[in-house]
Structures are given as C-alpha cells and as structure tokens.
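Heads up: the structure comes next, in structure tokens.
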Amino acid sequence: MLNNTEKECIQLITTIIYIIWLARNNKIYNQKDTPVQVALGKAIPILQDYQNNSCLINIDSNRPTTSNNRHNKSWSPPHRNFLKLNVDAHLKDDGHWGLGLVLRREDGRCVGAATKVVQGMNDATLAETRGFHEALSWVKTLHLTKVIIEMDAEVIVRAVHRKAFPRSRWGLIAKQCVRDFERNNDSQLCRQGNSAAHDLARWAFSEPNRYWNTNYPKCILHHITKKICAM
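Just so we're aligned, residue 1 is where the sequence shown starts under UniProt numbering, counting upward by one.
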C-alpha cells in the first residue's frame with residue numbers, strides 16, 4: 001500500500017480531488033451519479049498507476065543517452081539450446097522508426113534477420129515496444145520456444161519483469177506483449193544493447209519490412225563474422 005509520507009499524502013489528496021472532479025463532470029455532462037464509495041475506490045489504483053509510471057519514467061530519464069555506449073556491447077551467447085534475438089529501433093529525420101531484429105545461435109551463427117519500418121512517432125519507448133511486439137510475432141511465426149530476447153530499453157524490460165505498466169500507448173502494447181510472452185514459458189527478456197541490431201535498424205530504411213535466413217544485409221555481416229571467428 002502507500003507509505004505515510006508527506007509527499008504521498010499530497011498525492012493521495014490530489015488524486016481524491018481529481019476523482020471528485022471526474023464524478024462532478026459525469027453528473028453534469030452524462031447525468032450519471034457516482035456513489036461515493038465507488039469514486040473513492042478508484043483513487044488508490046489511479047495513484048498507484050501514476051507512481052508506477054513515474055518510477056518507470058525516472059528509470060528511462062536516467063539511462064545514458066549516448067548511442068555509442070548503449071550499442072557498443074559485446075554479444076554474448078545464449079544458454080545451451082537457446083537462440084538469442086536482439087532488437088533495436090532507430091529514428092529517421094522524417095519521424096519514422098526503423099526496427100532491426102537479429103537472431104543467432106549459441107555459436108554466434110546468424111539464423112535469421114528482419115527489418116520493419118513503423119509510422120512516425122516521437123516516443124522512443126513506444127518504438128522500442130513496437131520492436132518487442134515484432135520480435136514476439138516473429139518468434140511465434142517461426143514456432144520457436146527457447147529464445148532470449150535482448151533489447152536496450154531498460155524501462156520496457158523493467159516494466160515487463162515487474163508487470164507494472166503505465167496507462168500509455170507503449171504500456172498497453174507492452175501489457176499485451178507480456179500475455180503472449182508468458183505463453184512461451186521458456187523464453188526470456190533481458191536488457192542489453194547490440195551493434196548488429198542497431199545497424200540493421202538503421203538499414204531498415206534501405207530494405208524495409210524484409211526477412212532473411214541467408215544472404216544477410218552487408219551492414220551486419222562484419223558483426224556476425226567477427227563473433228563466429230571469436231568463438
């Protein structure tokens with residue numbers, strides 16, 4: 001429940017005032033009465049949702065913003081008999097986002113890659129969530145059961161692990177993704193940047209909405225070759 005702190009008392013009072021205002025509007029504009037207990041019963045869930053959202057936003061705002069630091073991470077192999085699917089998103093000047101997905105075995109060999117371009121949006125978290133959604137759809141299409149999905153969007157990974165989602169577009173999509181994700185009990189989600197997925201997300205505008213299981217785009221060849229040679 002709520003801690004009895006001055007800040008949270010103020011938040012609770014503000015939430016109750018907001019609930020009263022909503023009930024007043026419902027009466028004036030919709031001619032509907034809202035019982036006091038029903039109105040007050042909504043206050044705590046709304047406040048908890050706000051606090052969860054604020055926590056997630058703070059996590060996201062504290063994340064390093066330099067793309068080189070986020071993406072220059074060495075690829076590590078998945079568990080034995082698992083595949084690893086790296087996902088990333090890249091914003092173009094016209095507001096569209098390119099998504100890059102790279103699927104590899106434990107020996108570093110690439111067994112699939114995909115690109116997708118989604119309509120313009122200013123919300124990077126929403127774009128990353130769309131990438132998570134595309135990853136799950138692809139895993140389902142390929143009938144894979146043991147997959148580790150990696151992405152560098154810490155706010156999404158934390159939300160999924162905590163099962164605490166804000167009432168926003170990305171929160172709604174992520175919540176739906178979790179339902180699909182939990183049906184695949186062996187799959188995992190973790191946070192890690194990856195240069196191959198990042199470069200493929202940039203390449204998505206050159207070859208949008210494509211799938212490869214051979215003859216991979218040149219932008220990821222050196223990542224794949226380098227990792228196989230190092231194994």
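Cβ atoms here follow ideal geometry from the backbone N, Cα and C, with glycine treated the same way.
In this structure W170 touches D123 by the C-beta definition: roughly 6 Å separates them, less than 8 Å. The shortest CA-to-CA distance from T141 to any of Q176, D180 and F165 is the one to D180. Residue pairing by DSSP places C110 opposite R104 in a beta bridge.
The three-state reading of DSSP puts L22 in helix, counting H, G and I together. For the 8 Å CB-CB criterion, A197 and N81 do not form a contact. By the neighbour-count criterion, in which a residue is buried when 16 or more other Cβ atoms sit within 10 angstroms of its Cβ, R130 is buried.
Note on the UniProt domain "RNase H type-1" (86–204): whole beta strand (DSSP E) runs with a minimum of 3 residues are 97–104, 110–118, 147–151 and 188–191, in chain order.
The way I'd put it, the segment 150–163 doesn't touch the segment 206–224; fewer than three beta-carbon pairs between them come closer than 8 Å. Sorting Q11, R104, S187 and G108 by C-alpha distance to the C-alpha of T145 places S187 at the top. In the DSSP assignment, Q37 falls within the unbroken alpha helix (DSSP H) covering V36 to G41. When only Cα atoms are considered, A23 and P166 end up about 23 Å apart.
V102 is positioned such that its CB atom lies closer than 8 Å to that of I220. The straight-line gap separating the alpha-carbon atoms of A43 and I16 is approximately 6 Å. When DSSP states are grouped into helix, strand and coil, K32 belongs to the coil group. Within the DSSP bridge table, the entry for K84 names R104 and I148 as partners. G193 and W75 have their C-alpha atoms roughly 9 Å apart. Check the Cα spacing between H223 and each of V118, L126, L172 and A113: the tightest is with A113.
H133 sits buried, since 16 or more C-beta atoms from the chains shown fall within 10 Å of its C-beta. Distance from the CA atom of E150 to the CA atom of A201, rounded to whole angstroms, is 14 Å.
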